[in-house]
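A.B. asks: Add 1407 to the 1-based position in the sequence shown for my numbering, that's all there is to it.
Built from N, CA and C at the ideal position, the CB exists for glycine as well.
Quick one: the structure is below, questions incoming.
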Amino acid sequence: MNKRRIFSRADWLCGLGAFLVSLAVYVYTAAPNVTLLDSGEFLVAAGHFGVPHPTGYPLWTLTSWLFQLLPLGNMAWEVAVWSGVCTAGAVGIAAMMGNNILRWMGFFGEPRQRWANIVISCSFALTLAFSFSVWSQAVIAEVYGLHALMTAVFLLLLYRWVHGPQRDSLMIGAFFVLALSFGNHHLTLVLSPLPFLLILLLRRRAFWDWLLAAMVTALLVYLGFAILSGDVLVLKTAIRLAYCVAFGGAFLLWKRRLRIRIKLIAFLPFAVIAGLLSYAYMPLASSTNPPMNWSYAREPQGFFYSVNRSQYQGPLTEQSIKTLGRFMGTYPGGPSKPRAAEGERSKREVLVEWAGFFWLQLNRSFTPFSIIFYFCSILAALRLSLNRRTWIYLLHIAFVLAAFLQPILDGAVIDAAGWWLQMPYHTYTNLIFALLCVMGGGYLLDALTRKRAKLLWITALLPLMPLYGFVVNFSEASQRNHWFGWMFGYDMLKDLPKGSIVIGGSDPGRFVPTYMIFGESPQPAALKRDPGFDRRDLYIITQNALGESNYMKYLRDHYTTARPKPKNAFEKWLGRENTYPQTPIILPSPEECDVITKETAKDAPEESKADYAFEVGAVLKWIWEKNKDKHDFFIEESFPITWTYDYAIPHGLVYQLSKTKLDRIPPEAVTRDFAFWKDYKAKLLNDPAYASDYDAQRSFSKLRQTMGNIYKYRKMNDEAIRAYFEALELWPENIEVIATLTRLLWDKGDFDTSIPLFQKALEKDYNNLPLWRLAIMAEERKKTEGEIQGLKDTLSQQPRNREIIDKLIELYSRVGESEKAEAIVKKGTNDLADDPAMLRIAVTYYGVNDKWQDALAPAERLIKVEPTNAQNWLLLARVYYSLNKKKEFYETARKAIEIGGVSMREQILNDDFFKSWRDEPEFQNLAQPGGNISPGGGVPPSSKDQPATSSTDGQEHMMLRSP
């Protein structure tokens, strides 16, 4: 076996130097306290031995908890520094590997040229360190710095194995690190094919042994996963996989004449399962009743819920059935995927968009020269030996998987919000890219030097690359003196009455107050920005999760009489006795939440019941009614819960719920609200760091937007317009505010003011397609005002003119004024209740806008007014289908066939609108209502292909899209 050491002293010094330089920058630019988005949640989990949101991130949480025990400073800053330590470790490994790889590739072979290797490797390692994705995640409480470190260690072990393919311990170690990294982030799955590629190319004779060992490992892990899931299909898939592995193992034994590597098959499962043991942290931590106890992982169902979530499309159970289940014969099938709706992008379109956009982002952080060096690494492979070529192939495959697979599966968009969502995932992508640039740069510069030795001094210019990245990315990546997260929570909570209940909605709105209550308040006074801040008397509840079973369980453990007492010395050491307010509040159990929702639904409009906000609003109202006499309620909303607007009073960054319904917002509260935001807006805009803090801009703009929504709900349009303009001062790209404000301005006859708002937003968010559509719509609305006004005047004189009604609906729909279009539809159906064409117009309008419940009444009226028209019955069948009313659908479809005959039968049977029910026996029975007529004899045109009849009878409105 090859056990020689491959890393020289120079390699280690390169790694150490890059580590120290990057760490110094990260510590200097680390966030001084809590930041926005998920930071508060992670900090509370790390500081209190808790469990953050799925997938639980147990490795990050446990290591962060251990690091913050060191007496370095404020807990939030310590965890941010831990991110820096992890990221700097990845940078150091990249520098060490880079220097070694260049020497291994044979570049700059003369001793006096060896300094070039050091310059190249350190330059690209530090360019990696100062790339935007990496730097921005190295200075906040997030999981992606650790993910980059684990990826670096994984690649380091694979690289070491390439030098000695006989050393199974290195490959087993790589699998262990891969499994361990899975406990930090599921993005690790992307890199799982890499070890098998190396084995296949460099140790082909052992490939089948490794594959069998991997299959046994996968079987054991998947079998445990299946048992935990309780899903019959997953269990069946696992059992069939066991048969396949057993058969494959037996075949390999026979083929090899019993000569297989039993030790490998025993050790690999042990290593992988040992790597996954970090997940044992989650039920242990959850059982201590921590303040961050997402998924209630102390129970098997909650633990599985957390682990099962995936970064990709659907939970892991669903993905395993769709992939492995197809091979095992357990995939139940189902309707084929419907055609993409208009405007929906195919995977190919996502790939083309993302690829171009991502290369531009790499160009920004790594400079155009790095892109050249990257492609030169492909050329380098042409002149190298097999193991060196294989290493280059491996990194290129890893880069493609990391850079493009996850974004494509996720349907990534390339506007500002889409990039900020995807950007943190690419710390490990940048790491792989930097290693490829090292090899490409070494190859190119070595080739130039061989032709002309003096060109070697070009290498001395490479340190300008990390300097460029530092200058370009400093303002947005650095969090030094960025106190916006702390301001968000401190200014929200500091003056609330004792014992208040805070309802948080958006990510910062729920997580930052959570940190301020559980993380900042218990800190020693010397480590707090405001030594006197302590709001452990407050109750924090997340709006978005209300009614969810696991959340209600852990919320009741915090705040009700059901709170468990600390069971042992460890829980007492964690401070569980003094973590929560002593006075209990009344909260519903998960079972009571179901009853609350059902009771509320009895009197609710049918269309509102499908809205997620309906259940949340019902549970929140119950909690408020049970506790409002003893506690004040304050809300920071994620999505509007409109019943609260009748009780809303502005209160700084949030709004307070009055104990009784208000006829109007008190004028003094309105005056106080605008005075507060005038001062607060000035404080934010005068802070030099605010202009470069994207999260701060959208978080504070969202707060001001909420009060604008309340003013709009109260028909206080002047106040709403004023509040929305203030929200746009805080974040000019707030598309929700621009859209709402534009319509308010249109109502006032102002079609000019909104156009500069779109132009300003597009300057910063040029790739935002919805913003472009709204901007074009605003221009169109300005042009059509004269036509709309003329039609309205005509309609006032001819209120039963269906053609005018139809044209107005079309114009309003085209420019996005759906409320006005719907008002005309309702008035038209009232005034022309017996006009079949008008009823068809109404049904079509509601269907196109997915308001099928509203479409039901005019559709049912239509068949009474004109019962002999088969197309009317088909239209009603579509409504029933969209409302999932199967009994009514089949009765109506049969009636349509009875009237329309064979052509109608063929139209229904072949219409893609009904695709999801096509395989049902009852649907197939529609083929033989009056005779044995097969639907297979030719495919007549579907409803969308039927020729439209004259507009005088409204038949053209009978074409609806599939819901």
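How many Å lie between S1620 and R1668 at the Cα?
C.D. replies: Residue numbering aside, residue 1620 sits at position 213 when the sequence shown is read from its first letter. Residue numbering aside, residue 1668 sits at position 261 when the sequence shown is read from its first letter. The sequence shown places Ala at residue 1620, rather than the Ser named in the question. The alpha-carbon atoms of A1620 and R1668 are separated by roughly 9 Å.
A.B. asks: Would A1453 pass as a contact of T1468 if the rule is Cβ separation under 7 Å?
C.D. replies: Within the sequence shown, numbered from 1, the residue matching residue 1453 stands at position 46. Within the sequence shown, numbered from 1, the residue matching residue 1468 stands at position 61. The answer is yes: Cβ separation under 7 Å.
A.B. asks: Please report how far the alpha carbon of W1893 lies from the alpha carbon of G2059, in whole angstroms.
C.D. replies: Looking up residue 1893 in the sequence shown gives position 486. Looking up residue 2059 in the sequence shown gives position 652. Between W1893 and G2059, the C-alpha separation is close to 15 Å.
A.B. asks: With distance defined between alpha-carbon atoms, name the residue in R2209, R1412, H1592 nearest to G1463.
C.D. replies: One-based indexing of the sequence shown puts residue 1463 at position 56. G1463 has its Cα closest to that of H1592, out of R2209, R1412, H1592.
A.B. asks: So within the segment 1928-1995, which uninterrupted alpha helix (DSSP H) runs reach at least 4 residues, ignoring any that extend past its ends?
C.D. replies: Runs of the alpha helix (DSSP H) inside the segment 1928-1995: 1956-1966, 1976-1980.
A.B. asks: For Y1719, which three-state DSSP category applies?
C.D. replies: As a working mapping, residue 1719 is identified with position 312 in the sequence shown. At Y1719, the pLDDT of 49 sits below 50, so the modelled position is not reliable; the number obtained from the coordinates is stated separately. Looking at Y1719 - three-state DSSP - the assignment turns out to be coil, as it is neither helix nor strand.
A.B. asks: Would you identify the three-state DSSP class for N1700, choosing helix, strand or coil?
C.D. replies: Position 293 of the sequence shown, counted from the first residue, corresponds to residue 1700. If DSSP states are grouped into helix, strand and coil, N1700 belongs with the strands.
A.B. asks: Thinking just about the alpha-carbon of each residue, which of A2303, G1849, Q1726, C1844 is nearest to the one in Q1520?
C.D. replies: If you number the sequence shown from 1, residue 1520 lands on position 113. Comparing Cα-Cα distances from Q1520 to each of A2303, G1849, Q1726, C1844, the minimum goes to G1849.
A.B. asks: Can you tell me which of the three DSSP states P2163 falls into?
C.D. replies: Counting from 1 along the sequence shown, the entry for residue 2163 is found at position 756. In the structure shown, P2163 sits in a helix (DSSP, three-state: H, G or I).
A.B. asks: In the DSSP assignment, find the unbroken alpha helix (DSSP H) run with F1780 in it and report its ends.
C.D. replies: Taking the sequence shown and counting its residues from 1, the one referred to as residue 1780 is at position 373. F1780 -> alpha helix (DSSP H) spans 1754-1787.
A.B. asks: How far does the beta strand (DSSP E) with A2055 in it reach, from first residue to last?
C.D. replies: In the sequence shown, the residue the question calls residue 2055 occupies position 648. A2055 -> beta strand (DSSP E) spans 2055-2058.
A.B. asks: Give the list of continuous alpha helix (DSSP H) stretches no shorter than 4 residues that lie fully inside the segment 1545-1615.
C.D. replies: Counting whole runs of 4 or more residues, the segment 1545-1615 contains the alpha helix (DSSP H) stretches 1551-1570, 1575-1589, 1601-1609.
A.B. asks: Can you give the Cα-Cα distance for G2024 and R1716, rounded to whole angstroms?
C.D. replies: Residue 2024 sits at position 617 when you count from the first residue of the sequence shown. Residue 1716 sits at position 309 when you count from the first residue of the sequence shown. Spanning the two alpha carbons is a distance of roughly 25 Å.
A.B. asks: Would you identify the three-state DSSP class for Y2062, choosing helix, strand or coil?
C.D. replies: Residue mapping note: residue 2062 aligns to position 655 of the sequence shown, counting from 1. DSSP places Y2062 in strand when its eight states are reduced to three.
A.B. asks: For a quick check, are the C-beta atoms of F1531 and A1841 less than 7 Å apart?
C.D. replies: As a first step, residue 1531 must be located in the sequence shown, where it is residue number 124. As a first step, residue 1841 must be located in the sequence shown, where it is residue number 434. Yes; because the gap between Cβ atoms is below 7 Å, this pair is in contact.
A.B. asks: Under the rule that 16 or more other beta-carbon atoms within 10 Å means buried, what is L1423, buried or exposed?
C.D. replies: What you label residue 1423 is simply residue 16 of the sequence shown in a count that begins at 1. When all chains shown are included, L1423 counts as exposed.
A.B. asks: Could you tell me the alpha carbon to alpha carbon distance between S2376 and T1921, rounded to whole angstroms?
C.D. replies: Past the boundaries of the shown model lies residue 2376; the chain is included only from 1408 to 2370, so the question cannot be answered.
A.B. asks: By how many angstroms is the C-alpha of H1460 removed from the C-alpha of F1806?
C.D. replies: Start at 1 with the first residue of the sequence shown, and residue 1806 comes out as number 399. Start at 1 with the first residue of the sequence shown, and residue 1460 comes out as number 53. Cα to Cα, F1806 sits roughly 28 Å from H1460.
A.B. asks: Quick one: Cα of N2317 to Cα of G2254, how far?
C.D. replies: In the sequence shown, the residue the question calls residue 2317 occupies position 910. In the sequence shown, the residue the question calls residue 2254 occupies position 847. Distance between the alpha carbons of N2317 and G2254: 20 Å.
A.B. asks: In three-state DSSP terms, what is I2042?
C.D. replies: On the sequence shown, residue 2042 is found 635 positions in, with the first residue counted as 1. Strand.
A.B. asks: Count the other CB atoms, across all protein chains shown, that sit within 10 Å of the CB of F1658; report buried if there are 16 or more and exposed otherwise.
C.D. replies: Locating residue 1658 in the sequence shown gives position 251, counting from the first residue. Burial call: exposed.
A.B. asks: Note the first and the last residue of the continuous beta strand (DSSP E) segment covering V1909.
C.D. replies: Numbered from 1 along the sequence shown, position 502 holds the residue referred to as residue 1909. Unbroken beta strand (DSSP E) run through V1909: 1908-1911.
A.B. asks: Only counting runs of 3 or more residues, tell me where the beta strand (DSSP E) segments fall wholly within the segment 1424-1471, in order along the chain.
C.D. replies: Whole beta strand (DSSP E) segments, 3+ residues: zero.
A.B. asks: Have a look at L1953 and A2168 and give me their C-alpha separation to the nearest angstrom.
C.D. replies: Here residue 1953 refers to the residue found at position 546 of the sequence shown. Here residue 2168 refers to the residue found at position 761 of the sequence shown. If you take the alpha carbons of L1953 and A2168, they lie about 34 Å apart.
A.B. asks: Report yes or no: do three or more beta-carbon pairs, one from the segment 1902-1911 and one from the segment 2038-2054, lie closer than 8 Å?
C.D. replies: Enough Cβ pairs lie closer than 8 Å, so yes.
A.B. asks: Let me know the secondary structure DSSP gives Q2204 once reduced to three states.
C.D. replies: Counting from one through the sequence shown, the residue named residue 2204 turns up at place 797. Note: Q2204 maps to helix in three-state DSSP.
A.B. asks: Counting pairs of beta carbons, one from the segment 1771-1779 and one from the segment 1812-1825, are three or more of them closer than 8 Å?
C.D. replies: Cβ pair count under 8 Å is below three, so no.
A.B. asks: Could you check what DSSP says for M2123 in three-state terms: helix, strand or coil?
C.D. replies: Here the question's residue 2123 lines up with position 716 in the sequence shown. Note: M2123 maps to coil in three-state DSSP.
A.B. asks: DSSP three-state call for K2088: helix, strand or coil?
C.D. replies: The count along the sequence shown starts at 1 and reaches residue 2088 at position 681. K2088 falls in the helix class under three-state DSSP.
A.B. asks: On the premise that W2153 lies in contact with R2188, defined as a C-beta separation below 8 Å, what is that separation, rounded to the nearest angstrom?
C.D. replies: Here residue 2188 is taken as the residue at index 781 of the sequence shown, counted from 1. Here residue 2153 is taken as the residue at index 746 of the sequence shown, counted from 1. About 6 Å; that satisfies the 8 Å criterion.
A.B. asks: If you scan the segment 1862-1907 from start to end, which runs of the alpha helix (DSSP H) of 4 or more residues do you find wholly inside it?
C.D. replies: Taking only runs of at least 4 residues, the alpha helix (DSSP H) segments lying wholly in the segment 1862-1907 are 1871-1884, 1891-1900.
A.B. asks: Cβ of F2376 within 7 Å of Cβ of A1495?
C.D. replies: The first residue shown for the chain is 1408 and the last is 2370, placing residue 2376 beyond what the model contains.
A.B. asks: Just to confirm, are M2114 and P2057 a CB contact at a threshold of 7 Å?
C.D. replies: Looking up residue 2114 in the sequence shown gives position 707. Looking up residue 2057 in the sequence shown gives position 650. Contact: yes.
A.B. asks: Tell whether a beta-carbon distance below 7 Å holds between L1961 and T1558.
C.D. replies: Position 554 of the sequence shown holds residue 1961. Position 151 of the sequence shown holds residue 1558. Correcting the residue type first, residue 1961 is Tyr in the shown sequence and not Leu. Result no, Cβ atoms of Y1961 and T1558 do not sit closer than 7 Å.
A.B. asks: Is P2274 near A2249, with beta carbons less than 7 Å apart?
C.D. replies: Taking the first residue of the sequence shown as 1, we reach residue 2274 at position 867. Taking the first residue of the sequence shown as 1, we reach residue 2249 at position 842. No. Outside cutoff.
A.B. asks: Leaving out five residues before and five after H1570 in sequence, what residues of the same chain have Cβ atoms less than 6 Å from its Cβ?
C.D. replies: Looking up residue 1570 in the sequence shown gives position 163. So the list reads I1413, once near-sequence residues are dropped.
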